[in-house]
Amino acid sequence: MKTYRVTELGKHPSLIDLSALPLQKGFARIDIRACGLNFADLLMSKGTYQDTPEVPFSLGMEPAGIVTELGPDTEAPALGARVVVFSGRDGLADEGVFPADRCLPIPDNMSFEDAAAFQIAYGTSHVALDYKAQLKPGETLLVLGAAGGVGLTAVEIGKVMGARVIACARGAEKLEICKRAGADHVIDSTTEDIRSVVKSLGGADVVYDAVGGEQGEAAFRATNPDGRFLYIGFASGDMPKLKPNHMLVKNITAIGLYWGGYLRFKPEVLTDSLRVLLDWYADGKIKPHVSHSLPLEQADQALELLRSRKSTGKVVVTMEPNA
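See below:
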């Protein structure tokens, strides 16, 4: 099997050949056809992600492919089933062995690329907006980093849930993508003042912050009384400095979300959410935006697209079918 391997934290990963992994009870072997990339892959390769495994390991948190073999006394999923897996690692390979109970069947009308671009981005936004913030129809949702992997799904899901969506991103090209995803208003973070524009639009009831730093602080100051501020990530490299006394006076709730963390203590939150999302996909309500799709041999270039912020939506790595 070919796999994109981290052998030393902080050093450049490399594409290497490994022997096929053994198959144990409760596991399934997957012929991987695509794997979605996430900002967490960059952090993991440096050792700064909250769930960085011990080296050596392979990057790739959400592979999609075909079940080719089951471990002893493992009855599901069916051989030949098309599945997507939240693996947390080891997805950037042409083959992988994963817990069978994490293999989720995908709709017949869903491509492997869409499946690989789906779970974490849509799952994060749906759990954040529905389960955590309880976004209501007619409320105003402000999305920071709105053209990114999770941000664009927040725009889409916000519209499906009936919100008025303000999307904040960098540059005209990215803002146009946000408009196509359903944004009612857009803000260019390179030229416009986020706080003043949002306040002129009536303020935000829910803020979805995947950026942090100064943008997060500006968005917080434009949050309405009884608003909810969602910490999703810190792509800027800095955490926003929110003032607790302002939260108190305005009755603002700050909410943290680590989507994968629910696997440990409340997995039904994720599985229930994904069922809803897959139904929405099958009904044509949502559709992943994949800006770049590159073969496994170009995994370096694929990750650089994330690092340089040259991608929009998701970057997906594809694999040839195993012989």
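Numbering (my numbering) for the sequence shown: 354 to 676.
The beta carbon of each residue, even a glycine, is placed where N, CA and C say it ideally should be.
Every value quoted in this text rests on a predicted model; they were computed, and no experiment measured them.
{"query": "What is the DSSP secondary structure of S589, reduced to helix, strand or coil?", "result": "coil"}
{"query": "Return helix, strand or coil for N604, following the three-state DSSP convention.", "result": "coil"}
{"query": "Please return the same chain residues whose Cβ sits closer than 7 Å to the Cβ of L376, not counting the five positions on each side in sequence.", "result": "R382, E422, G424 and V450"}
{"query": "Taking three-plus beta-carbon pairs below 8 Å as touching, is the stretch 461-468 in contact with the stretch 484-491?", "result": "no"}
{"query": "For H682, count neighbouring Cβ atoms within 10 angstroms of its own Cβ and tell me buried if that reaches 16, exposed if not.", "result": "Outside the displayed range of the chain (354 to 676) lies residue 682, so it cannot be described from this structure."}
{"query": "Which term fits F618, buried or exposed, when burial requires 16 or more other beta carbons within 10 angstroms of its beta carbon?", "result": "exposed"}
{"query": "Please name the residue, chosen from D579, V669, K640 and P674, that lies closest to P460 on a Cα-to-Cα basis.", "result": "K640"}
{"query": "For K532, which of helix, strand or coil comes out of DSSP?", "result": "helix"}
{"query": "Report yes if the C-beta distance between P452 and G379 is below 8 Å; otherwise report no.", "result": "yes"}
{"query": "Consult DSSP for R523 and reduce its assignment to one of helix, strand or coil.", "result": "coil"}
{"query": "Compute the Euclidean distance between the alpha carbons of P409 and W633, then round it to the nearest angstrom.", "result": "38 Å"}
{"query": "My parser needs the alpha helix (DSSP H) runs of 4 or more residues fully inside the stretch 538-569; what are they?", "result": "547-553"}
{"query": "In the DSSP output, what is T356 paired with across the bridge?", "result": "I369 and A446"}
{"query": "Any contact of the stretch 556-566 with the stretch 589-601, i.e. 3+ C-beta pairs under 8 Å?", "result": "yes"}
{"query": "Closest to H479 by CA distance: which of P406, E509 and A500 is it?", "result": "E509"}
{"query": "Taking the beta strand (DSSP E) that E415 belongs to, which residues open and close that run?", "result": "E415 to L423"}
{"query": "Would you mind reading off the limits of the beta strand (DSSP E) that contains P648?", "result": "V643 to P648"}
{"query": "When burial is assigned at 16 or more other CB atoms within 10 Å of the CB, is E673 buried or exposed?", "result": "exposed"}
{"query": "Could you check if S411 is buried or exposed, using at least 16 other CB atoms within 10 Å of its CB as the buried criterion?", "result": "buried"}
{"query": "Just verifying my parser: in three-state terms, what is the DSSP assignment at L374?", "result": "coil"}
{"query": "If you follow the beta strand (DSSP E) that K667 is part of, which residue opens it and which one closes it?", "result": "K667 to T671"}
{"query": "Please state whether the Cβ-Cβ distance between D541 and G524 is less than 8 Å.", "result": "yes"}
{"query": "Going by DSSP in three states, D696 sits in which element: helix, strand or coil?", "result": "In this structure the chain extends from 354 to 676, so residue 696 is not present and cannot be described."}
{"query": "Given this structure, state the Cα-to-Cα distance separating V438 from L656, to the nearest angstrom.", "result": "20 Å"}
{"query": "Considering only the alpha carbon of each residue, which of N391, K485, D426 and I530 lies closest to A470?", "result": "N391"}
{"query": "If you measure between the beta carbons of K532 and A500, is that distance less than 8 Å?", "result": "no"}
{"query": "What do you get for R581, buried or exposed, if any count of 16 or more other CB atoms within 10 angstroms of its CB means buried?", "result": "buried"}
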